[in-house]
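Engineer: In the UniProt record's numbering, the protein residues as written are 1 to 238. Each residue gets a CB set at the ideal place from its N, CA and C atoms; glycine is no exception. The structure displayed is predicted, hence computed values, not measured ones.
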């Protein structure tokens with residue numbers, strides 16, 4: 001009699017422990033894909049919003065006007081929040097009559113660095129989950145395979161005649177767990193590596209902006225008048 005060796009049939013015929021492992025891996029895979037798609041969308045939005053603000057920042061607009069515009073927005077980009085944090089601290093220290101340029105610049109830089117770390121933590125959210133899925137899933141699948149093979153051989157010990165037809169289904173059932181583990185791990189590893197590179201580039205963009213904006217604030221720190229415009233020359237590194 002021909003045995004049904006389809007993937008779905010093998011999953012149904014597997015032992016309870018192996019089925020439990022398969023179900024856990026499928027749930028993890030579903031959660032992993034949810035994180036992947038959400039991360040794709042969020043990183044795309046971060047990049048687009050940062051690019052839009054950079055273009056506006058280097059357009060020569062007055063910094064006070066730009067700060068008021070950013071403060072009035074309901075949703076802002078990471079770059080805008082870093083700018084707002086530095087500008088807010090700079091203006092606050094200037095209002096307190098702290099005329100020392102080094103004090104003004106140091107306060108603004110510390111505020112921007114603190115905002116930078118908060119933004120980076122938010123951008124990196126759920127990235128560790130993908131790393132865990134990529135590293136742990138194959139071993140969980142291997143555990144299911146080992147358990148399934150042990151269960152299959154225990155069942156074969158009661159048979160007087162063992163053939164390939166009697167061994168194959170049990171081993172095939174067990175190997176499905178490893179396949180599902182790899183199915184969960186491979187996309188997670190690929191997505192993690194891609195997102196890590198994108199986040200590194202975003203971090204470089206944010207740090208570069210902090211340095212460029214610090215240079216602008218340093219030039220304005222010695223001026224008693226309100227902070228002026230950036231200028232149309234654009235960033236020095238471009």
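Does residue 215 come out as helix, strand or coil in the three-state DSSP assignment?
Structural biologist: Within the chain shown, the letter at position 215 stands for residue 215. Reduced to three states, the DSSP call for residue 215 is helix.
Engineer: Around the Cβ of residue 67, are there at least 16 other Cβ atoms within 10 angstroms (buried) or fewer (exposed)?
Structural biologist: By one-based count along the chain shown, residue 67 stands at place 67. Per the 10 Å Cβ criterion, buried.
Engineer: Nearest to residue 26 by CA position, among 107, 137, 84, is which residue?
Structural biologist: The residue you call residue 26 lines up with position 26 of the chain shown. The shortest C-alpha separation from residue 26 is found at 137.
Engineer: Look at the alpha carbon of residue 207 and the alpha carbon of residue 116, and state the distance between them as a whole number of angstroms.
Structural biologist: For this step, residue 207 is matched to residue 207 along the chain shown. For this step, residue 116 is matched to residue 116 along the chain shown. Whole-angstrom Cα-Cα distance: 8 Å.
Engineer: Let me check understanding here. Comparing Cα to Cα, which of 171, 122, 44, 133 lies closest to residue 24?
Structural biologist: One-based indexing of the chain shown puts residue 24 at position 24. Out of 171, 122, 44, 133, 133 has the C-alpha closest to the C-alpha of residue 24.
Engineer: Starting from the Cα of residue 195, find the closest Cα among 148, 173, 151, 124 and give me that residue.
Structural biologist: Stepping through the chain shown from its first residue, residue 195 is reached at position 195. The residue with the shortest Cα to Cα distance from residue 195 is 124.
Engineer: Can you tell me which of the three DSSP states residue 126 falls into?
Structural biologist: Taking the first residue of the chain shown as position 1, residue 126 is located at position 126. Here residue 126 sits in coil by DSSP.
Engineer: Name the residue from 36, 16, 18 whose alpha carbon lies nearest to the alpha carbon of residue 129.
Structural biologist: Within the chain shown, the letter at position 129 stands for residue 129. It is 36.
Engineer: Have a look at residue 234 and residue 54 and give me their C-alpha separation to the nearest angstrom.
Structural biologist: Your numbering for residue 234 matches position 234 in the chain shown. Your numbering for residue 54 matches position 54 in the chain shown. Residue placement at residue 234 cannot be trusted, given a pLDDT of 48 that sits under 50; what the coordinates show is reported in the next sentence. Rounded to whole angstroms, residue 234 to residue 54 spans 10 Å at the Cα level.
Engineer: Return the residue from the list 120, 56, 131, 87 that minimises the CA-CA distance to residue 46.
Structural biologist: Your numbering for residue 46 matches position 46 in the chain shown. Cα-wise, what sits closest to residue 46 is 120.
Engineer: Alpha carbon to alpha carbon, how far is residue 78 from residue 59?
Structural biologist: Looking up residue 78 in the chain shown gives position 78. Looking up residue 59 in the chain shown gives position 59. If you take the alpha carbons of residue 78 and residue 59, they lie about 19 Å apart.
Engineer: When burial is assigned at 16 or more other CB atoms within 10 Å of the CB, is residue 95 buried or exposed?
Structural biologist: Locating residue 95 in the chain shown gives position 95, counting from the first residue. The residue is exposed, with fewer than 16 neighbouring Cβ atoms inside 10 Å.
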